[in-house]
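Each residue of the sequence shown is one higher than the one before, starting from 1 at the first, in UniProt numbering. A virtual CB, placed ideally from N, CA and C, is assigned to each residue, including glycine. The model shown is predicted, which means the values in this text are computed figures rather than measured ones. Comments concern the structure below.
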Amino acid sequence: MMRKKRRSSVDKGEGATSTTKAKKSRSTGRQRKEAAPEETNESVFSVFLREAGVTLKKGGTSNEIAVDQVVFQKRIQQQLRKSPRYPGIVQEFITGLESHIEDHERFRNCLLPCVPQLLFSSSESLLRMLLGIEMLQTPIINTLLEKLPEFMLDGTGDGGLSIPRIIINQLKWLDRVVDSKELASKLMELVSVAPVDVQRDIITSLPEILEDSQHNDIARELNILLQTDTQLTVPVLDALSSLNLSSSLLTEVRGAVMATLAAVQLEDLPVVVKFILHSVSASDAYEVVNNLRKKLELEQCVLPPVLQASQSRMKIWFWSRSASTPAAGSSVTLILDGIKSAVRFQKSISEAWVKAIESVDEAENHKVIDLLVLFILHSTNANQSRRGAEKVLKAKVRTGLIQDTLLQRTFRDYSQVMRGYFPSILALAQSLLRSPDPGVVPFGGHMYQLSFTVFESYCQQVGCPLILTDMDVIEKIESLSKAEREFLCNLLFHTINWFREVVNAFCRQKETELKMKVMTRLQNITYVQTLLERALAGTPGYVPPVANFDGESTDGLILSSAAPVNKAKKGKKRKAPSKSSSEGSSQLDETTEEQPEKEKEKEVRQGVSLMSYRQFFRELDMEVLSVLQCGLLSRSLLDSELHSKVQEEVMLGPAELVFLLEDMLRKVEFSLRAAPAKRAPFLKGRTDKSVGFSHLQQRSSKDIASYCVQLLPALCSHLEDCHNHFQTLLSENNGVVDGPATDVQEHQLMSYSYQLLLQILNTTFCWSGFSLPGQRSLLKKALGVLAERLKEQRPDLTLEQLVKHSFEYLLNFRSTMPSLSTALCLSQLLSTVSAKGGNSATYREQAASLAKRFLSQEWVTASGEKERGNKFNEALQTLLSIYLEHVDDVLKAVEEIAGEGIPELLNASKDESSASWPTLNRQTFLVFYKVMMAELEKAIRKIPSFFFFFKSFNLITYVSPHLLDCWSSNLFIQVFDSRPVLNVCLKYGRLFLESFLKLGMPLLDYSFKRHKEDVQSLLKTFQLSTRQLHHMCGHSKIQQDTSLTNHVPALKKSLELFLYRVKAMLMLNNCQEAFWMGNLKNRNLKGEEILSQRSSDDEEEEEQHSLLPQEQSEDEINIEEDVDPDDITDDSDD
């Protein structure tokens, strides 16, 4: 009954299976394939499988399963347990299995997954399902392991299947291993006899086969195997990484691995490193990492230099030797990837690497891995790692432990590997370059240089030129459209700014080749600036692109410079300094008053001044001025065979020197000269004077002064070069400046350089900070630089001695002054230096003598014309003021000019000058006259009191007549009756009169009785002078010249005050009878009566005093002699 029921059950199952197959065939819409031949052997194995739902197939057809694998396993287990022959039936089942798999094709079918007949179901191999039945697991495992040696040497089959690997895969991830220890033992036995490929498959599968209880035992056996067979390093370490080991055993294994590190093959090294780092705990991280760092030799990953000698060509020296083979490069990459993975996910590993690198205290002990790990640490996202890498690298570079040779070797041999860390390399290089520590800056620059040299995809940037349009278009700029002209100007502005930033970036480099490139870029800048000047001249109204973005607004800047400043330049296209540079700026941009109109138009077309466009140029750093310290630079150029037959030389030319000195002068004037704040007019475009000095403002004036003192030797060298240039020029031309061999452009550049150098020195020594107690040493250092140029400096020289030697050194340049402006700068510098000593009066005579020498010299330009123009007049006025300020007797000096120079000028022809004062001519008379009147007015204000009466009296008696008589002279009026001269007369005549009333008249009150004749003569002179001033007032009213008539009211008031003050003096001395008043007729400058005012009796009449010609008492003074009757009228008319 039971057997029948079981059969009906099976039949029912088979019927269900047939029904399901029919449904599947219908659902797929395809005809059912012809059934594969089934196994006809009716062994227990075959019967049980068929009844459980598996159909065994012959040939290459996979076995089929009609039920779920769980159902299959349950049915087999029930069949075995319920069999009357149990447990013997189990061995019969195994025997049937062994018999079945004797055929390799059937064995292969049992190893491959069965084909499921149920929809949406999957199935494993027959053997895999049978291994899931515990009573069958051990004998089946034994059968498989015994079967495995048959296929060890077969390799991979035609279908790409490896039978040994498939057999091992059957043992993976079983739900339960009945006898794990026995299985582990048998697997290790197989490892000992199997080929390497099978060994690797077995070892790597051990963590997936064995239970956790066997992990420690198997790990010990693997550790032994690791030390005896290096070929199995990778699979053993892979297996060990997946085993759950105790900490003590893990440490033991890691120590063994570390001991064999040197013998590990290159391709296995990444796995070893990964295992070591991933098996580290936080407590022993530093010890493990430090040992790993010491034992890890990446140099073995590249070919020795001996084998690379053929690759030593100069052009490919760096990047042809990188990562000798692809395998080496990939191995190093994998090693670094393993380190990167460890430091990214384990903070203790990251900190351990930093400590390990920091602990190295000898430069020769540092290795390539140190730099590579620092790059890795910086490339991670953790800010702490980034900062740690930067800190360690700076410290190591600063102390000289990491040197350029190690950096060069790293880039040379591992460039392919380092590509992935390119952003971190650049970031570290930038950090080093921006460091305030000068010891690490060159290393950062070297990193940049090597980066762009060895990385092939970037190396073309190193020598990349700046590609511009054809600059010949400048010659025909008028033919271009407005848009094209503005585009050309934009192009030139961007070019100059790019070059300025390049110079900023590389000016600090010490290598000769880089210095030469910086000088080349300076030459490019000066050349492009000449093109830009000419382009701007042909593009009126052009507004350049904004270059400085650190101000509040750029609107004011654009408005103030929207219109170019078209200044004609005589024989020169270069820009001239601004007025703020000094009173004595260059005359390169001056024009002569008699220049023909056509010539002016031609010069205007040549270029405009770039001074008004300064805010549209990028700022040059202060360190750029270090280029001034460079002398002649040279290098050997290599030909194709690496022979140095050509020598290239570069040095600062006059144009580049002017460019740098102009920038330095602007910087020192901005930082060291305290300019008074000026309020901008209402509604006028505001221009920020600090634009273009954003970097400079970040430094203190002390730093700027210290840097200028540091540059003083170089400035003195350039000063001496200019001196020697003009000395040679004069000797070659027999003392003539404008000789036939004179290069006008070079002469102007050298002259301008001479002037700029003196202005820079003067501005530096004018710094008010030198007067502070703490800056005395800096002042002595600066003076010491000048003093030692004259003679060897002794360290014990006092400040006064340093000033003396510096003064003597600078005084030697007086013989080669090329222009009056340069001479003025020298005079100002000598005055500034002499003021630094304790007794500046000792240098007054030399300063006055030098100024007189310059005033008595005829100044001629390189083109042979006399210097003239507003710049020349301004310089002359300042130089004459210096002379009169330093001369011992200013009144005598004024008397000399007025008594000798002016008469000589009056007697000379129109274009001639005074013989004794060559700088005094008709164009400069106003300058002399104004300065002399100003000095007279100062002198009259210096009358202190009665004790200096005689000196003051000489002032009044001897000086005043010379000038005031000139006013009343017809010849004076005929030659010098221009408005500027009259303006000076009216202005300083009033000031002189006011000062005399305030300071001179009290002296006359006191000395009237003692010096009657002198007082009488003085008042007579004043009578003529005030009469002449009165005539000038009338002339001003007739001409209706506002600039002159503005002085008339105040002057007439002073004349009236003088009249009553004289009367008060006479009354004080009881001589009031000597005072008589009358009406003074209005006359013009030539003495002719103004008829329009004669008939106007009601016109306001000016009163002028005159004294009666009568016998006086003993106490009275007769001061009226030979008075013009026309000027004296009867008092009764009033």
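The C-alpha of phenylalanine 549 is placed about 43 angstroms away from the C-alpha of lysine 355.
Going by DSSP, tryptophan 353 is part of the alpha helix (DSSP H) stretching over 347–358. Cβ atoms of threonine 204 and proline 235 come within 8 angstroms of each other, at about 5 angstroms. The beta carbon of proline 139 lies closer than 8 angstroms to those of Val90, Gln91, Ile94 in the same chain, with the five residues before and after it left out. With respect to leucine 850, threonine 919 sits apart: the two C-beta atoms are not nearer than 9 angstroms. DSSP places serine 185 inside the alpha helix (DSSP H), whose first and last residues are 180–193. Comparing alpha-carbon positions, the option among Cys722, Leu1066, Val417 lying closest to aspartate 1005 turns out to be Leu1066. Relative to the Cα of aspartate 268, the nearest Cα in the group Met519, Ser247, Leu237 belongs to Leu237.
Each of Val627, Asn873, Met817, Leu130 was checked against the Cα of glycine 735, and the nearest Cα belongs to Met817. Taken atom to atom, the span from the alpha-carbon of valine 343 to that of serine 435 is near 27 angstroms.
For proline 423, the secondary structure class from DSSP, reduced to helix, strand or coil, is helix. The DSSP-derived three-state label of lysine 910 is coil.
Excluding the 5 residues flanking it on each side, leucine 131 has same chain C-beta neighbours closer than 8 angstroms at Gln137, Ile140, Ile141, Gln170, Leu171, Leu174, in chain order. Remark: three or more beta-carbon pairs, one from each stretch, lie closer than 8 angstroms, so the region 332–347 and the region 411–430 are flagged as touching. Ranking Glu134, Ile168, Glu150 by CA distance to the CA of valine 178 puts Glu134 first. Straight-line spacing of the CA atoms in alanine 835 and leucine 783 works out to 12 angstroms.
With a cut-off of 8 angstroms on Cβ pairs, the region 791–801 is not in contact with the region 708–727, counting fewer than three such pairs.
According to the DSSP assignment, alanine 256 belongs to the alpha helix (DSSP H) that extends over 247–259. For glutamine 523, same chain residues with a beta-carbon under 8 angstroms away, outside a window of 5 residues either side, are Gly653, Ala655, Glu656 in chain order. One thing to note: lysine 391 has its Cβ no nearer than 9 angstroms to the Cβ of histidine 366. A contact between stretches requires three or more CB pairs, one per stretch, nearer than 8 angstroms, and the region 161–169 meets this requirement with the region 92–112. Check the Cα spacing between arginine 128 and each of Pro113, Leu119, Ser121, Leu118: the tightest is with Pro113.
Within the DSSP secondary-structure output, serine 283 pairs in no beta bridge.
DSSP places glutamate 297 in the coil class of the three-state scheme, outside both helix and strand. Relative to the Cα of valine 360, the nearest Cα in the group Leu336, Thr399, Ile376, Gln346 belongs to Thr399. DSSP places leucine 779 within a helical segment (H, G or I) once states are collapsed to three.
As far as DSSP is concerned, leucine 112 takes part in no beta bridge. Of the other Cβ atoms in all chains shown, 16 or more fall within 10 Å of the Cβ of methionine 664; this residue is therefore buried.
The three-state secondary structure of valine 650, taken from DSSP, is strand. For isoleucine 141, the secondary structure class from DSSP, reduced to helix, strand or coil, is helix. Take the alpha-carbon of leucine 266 and the one of leucine 620: they are about 52 angstroms apart. Separation of leucine 884 and alanine 893 (C-alpha to C-alpha, rounded to the nearest whole angstrom) is 7 angstroms. When beta bridges are read from the DSSP output, arginine 1083 appears opposite Glu1089. A straight-line Cα-Cα distance of about 5 angstroms links tryptophan 767 and leucine 672. The Cβ neighbour count for valine 1015, taken over all protein chains shown within 10 Å, is at least 16; the residue is labelled buried. Pairing alanine 915 with leucine 905, the inter-Cα distance amounts to about 8 angstroms.
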